[in-house]
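Protein chains: 4
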Amino acid sequence: MFDMQIKKKKLSKKQEKEGVKINKTPIKAVLSKNTVTTENSDQSRELYTQGRYGVILNNGKVQLSLIETAYLTEKGTIEVVFESKRKIDFEKLIKKATKLEPNFWTRYCVFKDIRNRGYIIKTALKFGADFRVYDRGVKPGEDHAKWIVYPVQEASALTWYEFSAKNRVAHSTKKKLLIAVLDAENDVTYWEIKWTRP
Amino acid sequence: MFDMQIKKKKLSKKQEKEGVKINKTPIKAVLSKNTVTTENSDQSRELYTQGRYGVILNNGKVQLSLIETAYLTEKGTIEVVFESKRKIDFEKLIKKATKLEPNFWTRYCVFKDIRNRGYIIKTALKFGADFRVYDRGVKPGEDHAKWIVYPVQEASALTWYEFSAKNRVAHSTKKKLLIAVLDAENDVTYWEIKWTRP
Amino acid sequence: MFDMQIKKKKLSKKQEKEGVKINKTPIKAVLSKNTVTTENSDQSRELYTQGRYGVILNNGKVQLSLIETAYLTEKGTIEVVFESKRKIDFEKLIKKATKLEPNFWTRYCVFKDIRNRGYIIKTALKFGADFRVYDRGVKPGEDHAKWIVYPVQEASALTWYEFSAKNRVAHSTKKKLLIAVLDAENDVTYWEIKWTRP
Amino acid sequence: MFDMQIKKKKLSKKQEKEGVKINKTPIKAVLSKNTVTTENSDQSRELYTQGRYGVILNNGKVQLSLIETAYLTEKGTIEVVFESKRKIDFEKLIKKATKLEPNFWTRYCVFKDIRNRGYIIKTALKFGADFRVYDRGVKPGEDHAKWIVYPVQEASALTWYEFSAKNRVAHSTKKKLLIAVLDAENDVTYWEIKWTRP
Numbered sequence: 024m025f026d027m028q029i030k031k032k033k034l035s036k037k038q039e040k041e042g043v044k045i046n047k048t049p050i051k052a053v054l055s056k057n058t059v060t061t062e063n064s065d066q067s068r069e070l071y072t073q074g075r076y077g078v079i080l081n082n083g084k085v086q087l088s089l090i091e092t093a094y095l096t097e098k099g100t101i102e103v104v105f106e107s108k109r110k111i112d113f114e115k116l117i118k119k120a121t122k123l124e125p126n127f128w129t130r131y132c133v134f135k136d137i138r139n140r141g142y143i144i145k146t147a148l149k150f151g152a153d154f155r156v157y158d159r160g161v162k163p164g165e166d167h168a169k170w171i172v173y174p175v176q177e178a179s180a181l182t183w184y185e186f187s188a189k190n191r192v193a194h195s196t197k198k199k200l201l202i203a204v205l206d207a208e209n210d211v212t213y214w215e216i217k218w219t220r221p
Numbered sequence: 024m025f026d027m028q029i030k031k032k033k034l035s036k037k038q039e040k041e042g043v044k045i046n047k048t049p050i051k052a053v054l055s056k057n058t059v060t061t062e063n064s065d066q067s068r069e070l071y072t073q074g075r076y077g078v079i080l081n082n083g084k085v086q087l088s089l090i091e092t093a094y095l096t097e098k099g100t101i102e103v104v105f106e107s108k109r110k111i112d113f114e115k116l117i118k119k120a121t122k123l124e125p126n127f128w129t130r131y132c133v134f135k136d137i138r139n140r141g142y143i144i145k146t147a148l149k150f151g152a153d154f155r156v157y158d159r160g161v162k163p164g165e166d167h168a169k170w171i172v173y174p175v176q177e178a179s180a181l182t183w184y185e186f187s188a189k190n191r192v193a194h195s196t197k198k199k200l201l202i203a204v205l206d207a208e209n210d211v212t213y214w215e216i217k218w219t220r221p
Numbered sequence: 024m025f026d027m028q029i030k031k032k033k034l035s036k037k038q039e040k041e042g043v044k045i046n047k048t049p050i051k052a053v054l055s056k057n058t059v060t061t062e063n064s065d066q067s068r069e070l071y072t073q074g075r076y077g078v079i080l081n082n083g084k085v086q087l088s089l090i091e092t093a094y095l096t097e098k099g100t101i102e103v104v105f106e107s108k109r110k111i112d113f114e115k116l117i118k119k120a121t122k123l124e125p126n127f128w129t130r131y132c133v134f135k136d137i138r139n140r141g142y143i144i145k146t147a148l149k150f151g152a153d154f155r156v157y158d159r160g161v162k163p164g165e166d167h168a169k170w171i172v173y174p175v176q177e178a179s180a181l182t183w184y185e186f187s188a189k190n191r192v193a194h195s196t197k198k199k200l201l202i203a204v205l206d207a208e209n210d211v212t213y214w215e216i217k218w219t220r221p
Numbered sequence: 024m025f026d027m028q029i030k031k032k033k034l035s036k037k038q039e040k041e042g043v044k045i046n047k048t049p050i051k052a053v054l055s056k057n058t059v060t061t062e063n064s065d066q067s068r069e070l071y072t073q074g075r076y077g078v079i080l081n082n083g084k085v086q087l088s089l090i091e092t093a094y095l096t097e098k099g100t101i102e103v104v105f106e107s108k109r110k111i112d113f114e115k116l117i118k119k120a121t122k123l124e125p126n127f128w129t130r131y132c133v134f135k136d137i138r139n140r141g142y143i144i145k146t147a148l149k150f151g152a153d154f155r156v157y158d159r160g161v162k163p164g165e166d167h168a169k170w171i172v173y174p175v176q177e178a179s180a181l182t183w184y185e186f187s188a189k190n191r192v193a194h195s196t197k198k199k200l201l202i203a204v205l206d207a208e209n210d211v212t213y214w215e216i217k218w219t220r221p
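Protein chains in written order, with the working numbering: chain U, 24 to 221; chain G, 24 to 221; chain X, 24 to 221; chain E, 24 to 221.
What follows is the structure in structure tokens.
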């Protein structure tokens, strides 16, 4: 019994880091128009309490963003269906999300890379940026996010206007800017930008 | 009969290397925003295993860059459609890619020329260059790339600081620097540059 | 009386550092094609020994770059004439320099801003950047430069390959990368960039 | 006596390399319009036989280019006068040459740097380039020049047209192209360019 408890503990740490539930039934979620809502269960609420995925609604369900949905589907943590109960696999999800959100695949690959490195990454739409990222081990609420993330594809152009604008967002919210460039081999290279007055 | 069989086999290898498929159906690929993904088949995966085009995704499909897509379309190796199944011919592809990626045509012409000469050419974003090129017969993983390549348009200007920077990048990544100059007739001229202390 | 004398001395040191000469005759310099050479005097050699402007030639004169010349002219430290002895004011100098050197105004504004902040800034052609900047109070020779600086115009575009290259140059020369963005009002904003693996 | 002989031998080797004659009277030379001609003596003809400066005329005098004249004047090897016998020092020479030849100072600094490194460097006007340089220990006539040299100033612009053109000159004369960039501190950085067909 003791062993099982320790094993469970280890699983929990791993799960906290990756959000992967091993040997557990995938959490059900429903895609309705552009919104994804999970079932009402302790397991689904752990998505938020452990990994800070989505937000917990008043009805006890968890609402997830399309990017979080895609990530958790790819990992096998959740299973998404239409309201009609028809299943949606990962590819269909990406296809749908790409129509709804600009630059979805690039943003998804960066989101995934950062999650896999053990960071909590959430939307930063209210700040005028793509994502905000918390330092390892930090949860939203405990402390402020450390970075604003700007995901781009290697062959895209950049003007210094945009670069300045992204930096101003970061600076005004007292965060550093992290440029995340997705290359043609789906690897992400990161550069941290700091406004400075020499 | 025996000779003819061996000859056919040799032709097939040559075709596979260059991306020319004789007597084979073009591989299907879908363009979604600026990502291109092939069908899920052994033939499509050979694009990667034989020619190192793109990357193989978890779902068994191959993701190609726009430049690789244009090249394989021009060769008749793949056939690209929109999500709506509407076909995209080579010219439409170039037109679309040019809107999405600055300097696309110059980069494409150089990519094509190097591929036609039998070299594997991939992104070099991590290093700070457009492309990295492996010596003939060498695949990524077997050995390091031999060159980094900067494709430029003959009419463009450059400062000596930028020229010096390209050399510094090559030197720090232990590769040779190749400048590929595209002229008005779409021909490419190559110059190998080496820092030297006479 | 004693206090006033000390205060005067301090002002002189400060002025010498910034290139402001109060109550001193401007140093004469001659513009010949695109080279500027000062008179042969102790005062002119102080430009180098105190402020590290230019280089001291074998004949005891100081050779200045066009950018340093423009800066010291604007400050009233030097007065430039043609070989014919005809005077050249600051505007004529800028006009002439702009014909000879691409990107002159952008580079000048950044150079001026960094000098005004009390740093020594010199060419970084060998490294592959426009300028190298030494930490406050540090002279070339005493220690290595702290930053390499790339001055850019806000409206100009850049590719991620070029961005990556600048970082590679900084990394390989063990310096920090400073991008100096000049806006339409001639103000400079600085961003320090650091490659990072989150 | 023995010691003096060895000392002299060492001096000769040094002199061969640099073309400096120590403890010998400077060779007289006359500037007439744009041409510089030395006195008629064995010592002056050594300029050619030892160091390949200039050309030996039918009358036994040596005709030097303005750049060679400036270099040998700066070294104290020759002393130049006008036809009127009025002396011309190094500075006056530079001033005069700058009016007569474009880009004189940049070309002079590069010429000087290459000579100081022990190479023979001559004009390459007939090839459409600035200079041709022979490998160390090689004299014109013994073997072909190794490089065509293209001297430029760090802040000047370059188009790939010009770069291509310079390279074509080198390639058609079976030489490599050496780009010599003079920076603001009068140091020269060299890059060797090789036309290549991958």
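Glycine included, every Cβ here is placed at the ideal spot set by N, Cα and C.
Between which two residues does the beta strand (DSSP E) containing residue i stretch?
| i | result |
| --- | --- |
| E69(X) | First-last for E69(X): D65 to G74, but that is the alpha helix (DSSP H), not the beta strand (DSSP E). |
| S55(U) | I50 to S55 |
| T121(E) | Premise fails: T121(E) lies in the alpha helix (DSSP H), F113 to L123, not in any beta strand (DSSP E). |
| Y157(X) | Taken as a continuous stretch (DSSP letters only), Y157(X) belongs to no beta strand (DSSP E), as it is neither H nor E. |
| Y173(G) | W170 to Q176 |
Kindly say whether residue i, judged by its beta-carbon, lies nearer than 8 Å to any beta-carbon of chain G.
| i | result |
| --- | --- |
| T182(E) | yes |
| I117(E) | no |
| T212(U) | yes |
| S195(X) | yes |
| E208(X) | no |
| P49(E) | no |
| R191(X) | yes |
Of all Cβ atoms in chain X, is any one closer than 8 Å to the Cβ of residue i?
| i | result |
| --- | --- |
| K199(G) | no |
| L89(G) | no |
| V85(E) | no |
| D153(E) | no |
| S187(G) | yes |
Under three-state DSSP, which class holds residue i?
| i | result |
| --- | --- |
| F150(G) | coil |
| E208(U) | coil |
| E185(U) | helix |
| K32(U) | Its pLDDT being 43, under 50, K32(U) is placed unreliably by the model, and the measurement read from it follows with that caveat. If DSSP states are grouped into helix, strand and coil, K32(U) belongs with the helices. |
| A193(U) | helix |
| V104(E) | strand |
| K198(E) | coil |
| P221(G) | coil |
| K47(E) | coil |
| K110(E) | strand |
| K145(G) | strand |
| E9(E) | Any answer about residue 9(E) is impossible in this case: the structure gives chain E only from 24 up to 221. |
Rounded C-beta distance between residue i and residue j? I'm assuming under 8 Å.
| i | j | result |
| --- | --- | --- |
| V161(G) | I144(G) | Wrong, their Cβ atoms sit about 12 Å apart, outside the cutoff. |
| E177(U) | W183(X) | 5 Å |
| P125(X) | A52(G) | Actually they are not in contact, since the Cβ atoms of P125(X) and A52(G) sit about 42 Å apart, beyond 8 Å. |
| K197(X) | E215(X) | Not a contact, Cβ separation roughly 15 Å. |
| K84(G) | N63(G) | 5 Å |
| L201(E) | T129(E) | L201(E) to T129(E), Cβ: 14 Å. No contact. |
| T212(E) | L123(X) | About 20 Å separates the two Cβ atoms, so there is no contact after all. |
| V103(U) | L54(U) | 5 Å |
| P221(E) | R138(G) | In fact, because the Cβ distance is near 11 Å, the residues do not count as touching under 8 Å. |
So the alpha helix (DSSP H) residue i belongs to, where does it begin and stop?
| i | result |
| --- | --- |
| A93(E) | L89 to E97 |
| I137(E) | F127 to N139 |
For residue i and chain E, any beta-carbon pair shorter than 8 Å?
| i | result |
| --- | --- |
| T146(X) | yes |
Would you say residue i faces chain U, with C-beta separation under 8 Å as the test?
| i | result |
| --- | --- |
| V204(X) | yes |
Quick one, which residues of the region 121–138 of chain X are near chain E if we go by CB-CB under 9 Å, in chain order? Residues passing the 9 Å Cβ filter: L123, E124, P125, N126, F127 and R130.
Interface residues of the region 158–177 of chain E facing chain G [CB-CB below 9 Å]: Against chain G - using a Cβ distance shorter than 9 Å - the residues of the region 158–177 of chain E are R159, W170, V175, Q176 and E177.
Along the region 54–79 of chain G, what residues have a CB closer than 8 Å to any CB found in chain X? So the list is empty, because no residue satisfies the distance condition.
By the 9 Å beta-carbon criterion, what residues does the region 95–107 of chain G contribute toward chain U? Contact annotation: in the region 95–107 of chain G, residues whose CB is within less than 9 Å of a CB in chain U are E106.
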